[in-house]
Amino acid sequence: MFDLNPLLNTDSYKLSHWLQYPPETQEVSSYVESRGGPFANILFFGLQAFLIDYLGKPIARADIDDAEEVARAHGLPFHRAGWLDLVARHGGVLPVEISAIPEGTVLAPQNVLAQIRNTDPAFYWLTSYLETAFLRAIWYPTTVATVSHACKQVIRRALEETSDDPEGQLPFKLHDFGARGVSSLESAMLGGMAHLVNFRGTDTLAALPAARRYYDEPMAGFSIPAAEHSTITAWGRDNEAAAYANMLEKFGKPGGLVAVVSDSYDLFNAVENIWGGVLREQVLAMGGTLVVRPDSGHPPTIVRQTVTLLADKFGAQRNGKGFFVLNPAVRVIQGDGVDVDSIGEILAELKDAGFAADNIAFGMGGALLQRLDRDTLRFAMKASAIKIGGVWRDVYKEPSTDPAKASKRGRLALRRGASGFETLRVENCPAEENLLAPVWRDGALLRRWRFAEIRETSEHACDPRK
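Going by the numbering used here, 301 is the number at position 303 of the sequence shown; the sequence numbering is gapless.
Okay, structure coming up:
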């Protein structure tokens, strides 16, 4: 991998846009929003990482020379004089101001999330030039955080209906299995962090140093020893029980958890005759919890059958809400075919069978970190105001062929209204009510969010009256 020239972190057509604005243009203000999607709310997260690692690096003369060479060979004009002027006037620091709502805010789509403008009139073209990188920095982690948050609400409802300890159970109910399924290490870091806003379980190690670097969180997530198919099948089919016994011997301890994939050959034989037969006393004696992992078949059916067999072999107690909870020595984690819909289906199947949501945890991979794109939440960044000759004017699009793509007008603000968050023109919003606050200006981070703050905000921001 290599460090990409920051001047090339844009789309090709942006290279010619400095020539396209009206004469006497001094300032351009653009905003980012989600125009809608499958979820009632979105969870805003991830901008700070971009500010620290990308906007925090000044432009150098060598960057300009390299970018000009690429642009010319690519067949496009290059604003060499403008970039050299930026280095001369600002030491290569980009003269822009970025305002954003608090990270962790949960709000309906079609509200402004962030706004960017140039702070030096000579660089009116810079706002739009940054669109590619700026929008990408917001849409991906926000979409992951939103998917994870939606899963959290599904699991929370099931726990509230069937568990005696909903809030105590919730933090470790969805585990991030997505690192291997994403397109880049950066995606694993950003997406992994986004998930950890909502939950505490992850196998995406890259998210942990990222949360420490960007959000000052010493340890954002946790995991447990777990088997994969190769560490079981390496023993051979005739020694499946020995492979399982080895897991208990190496990792079983009082209060500990160990997860073992159990469908390498015959899941139901493993549950009924190995875990619930030859190894039953060893499971009970270790004083911890064996987490059985099915990994194939129709998830709702397989989970119900697995939990039912474990109840038969290890016992279960009815809780205060009338649902059965397995012996603490055993639990189940489902990591195959997991998404927001299947989580709901699995939990509904368990409930119908009389089992509490306490018995199951989920591992989610591609559907959490990769099976999404900018159009999942219909993200867009649009110019909404321009200052020409000292006068601000509205900028907007209003395509007759798709009214849903109409953009907002003017410089924007966000506030809490009587019925929820609302986006309005900044001149119509008292400054003390505006949640869209400057977080970056001319190379300086003005507000540094900490992970603990973001978690707290996300947990309590669903009700806009709070």
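Every residue, glycine too, gets a C-beta built ideally from N, C-alpha and C. Note that the structure is a prediction, hence the values are computed from the model and not measured.
Tell me, please, whether the segment 130 to 143 touches the segment 184 to 193 by the rule of three or more beta-carbon pairs shorter than 8 Å.
yes
Would you report the Cα separation of A204 and R210, rounded to the nearest angstrom?
10 Å
Neighbourhood of L82 by C-beta, 8 Å cutoff - its chain only, sequence neighbours within 5 removed
R59, I62
Three-way DSSP call (helix, strand, coil) for N116 in this model
strand
State buried or exposed for H458, treating a residue as buried only when at least 16 other CB atoms are found within 10 Å of its CB.
exposed
Ranges of the alpha helix (DSSP H) found wholly within the segment 211 to 294, counting only runs of at least 4:
227 to 231, 238 to 249, 278 to 283
With DSSP collapsed to three states, give me the class of G189.
helix
If I follow the unbroken alpha helix (DSSP H) through R391, where does it start and stop?
Note, R391: premise wrong, no alpha helix (DSSP H); beta strand (DSSP E) at 389 to 392.
Which residues mark the beginning and the end of the beta strand (DSSP E) in which F37 is found?
From DSSP, F37 is part of no beta strand (DSSP E); its letter is neither H nor E.
What does the Cβ neighbour count give for L265, buried or exposed, with the cut at 16 atoms within 10 Å?
buried
Judging by CA-CA distance, which residue of M284, P93, L5 is the nearest neighbour of R439?
P93
Cβ neighbour criterion (16 or more within 10 Å) applied to M217
exposed
Short of 7 Å in beta carbon distance, which residues of its chain neighbour I16, apart from the five on each side in sequence? Order them along the chain.
In the sequence under discussion, the amino acid at residue 16 is Trp, which differs from the Ile named in the question. Result list for W16: H77, G80, W123, in chain order.
Leaving aside the five residues before and after S185 along the sequence, list all residues of the same chain whose C-beta is less than 8 Å from its C-beta, in chain order.
Y138, L367, Q368
Give a yes or no on whether the C-beta atoms belonging to L277 and V258 are separated by under 8 Å.
no
Mapping DSSP to helix, strand and coil, what is R423?
strand
What whole-angstrom Cβ distance do P107 and S32 have, given they're in contact under 8 Å?
4 Å
Under the three-state DSSP convention, the category D84 falls into
Contrary to the premise, residue 84 reads as Leu rather than Asp in this sequence. Here L84 sits in helix by DSSP.
Inter-residue Cα distance where the pair is E238 and E270
13 Å
Rounded separation between K248 and L282 - CA only
15 Å
Which two residues bound the contiguous beta strand (DSSP E) that contains H173?
172 to 174
Bridge partner(s) assigned by DSSP for V323:
Q315
Does DSSP classify Q303 as helix, strand or coil?
helix
For V389, count neighbouring Cβ atoms within 10 angstroms of its own Cβ and tell me buried if that reaches 16, exposed if not.
exposed
Out of F377, R372, A131, R316, state which residue places its alpha-carbon closest to the alpha-carbon of A351.
R316
Starting from S181, follow the beta strand (DSSP E) in both directions and report where the run begins and ends.
Element bounds for S181: n/a, residue is neither H nor E.
Taking the runs of the alpha helix (DSSP H) that are 4 residues or longer, which of them lie wholly in the segment 37 to 80?
45 to 48, 59 to 72
Look at A112 and L188 and say whether their C-beta atoms are less than 8 Å apart.
no
Run through DSSP, which three-state label would V142 get?
helix
Between which residues of its own chain and I50 is the CB-CB distance below 8 Å, once the five residues before and five after are set aside?
R211, Y212, L443
Contact check, Y127 vs K12, beta carbons under 8 Å:
yes
Any idea which residues DSSP pairs G332 with across the strands?
One point to set straight first is that residue 332 is Gln, not Gly, in the sequence displayed. Paired residue(s): F360.
Can you say whether A71 is buried or exposed, counting buried as having 16 or more other CB atoms within 10 angstroms of its CB?
exposed
Which class does W447 belong to by DSSP, given the choice of helix, strand or coil?
coil
So for A442, helix, strand or coil by DSSP?
strand
Can you tell me whether F377 is helix, strand or coil according to DSSP?
strand
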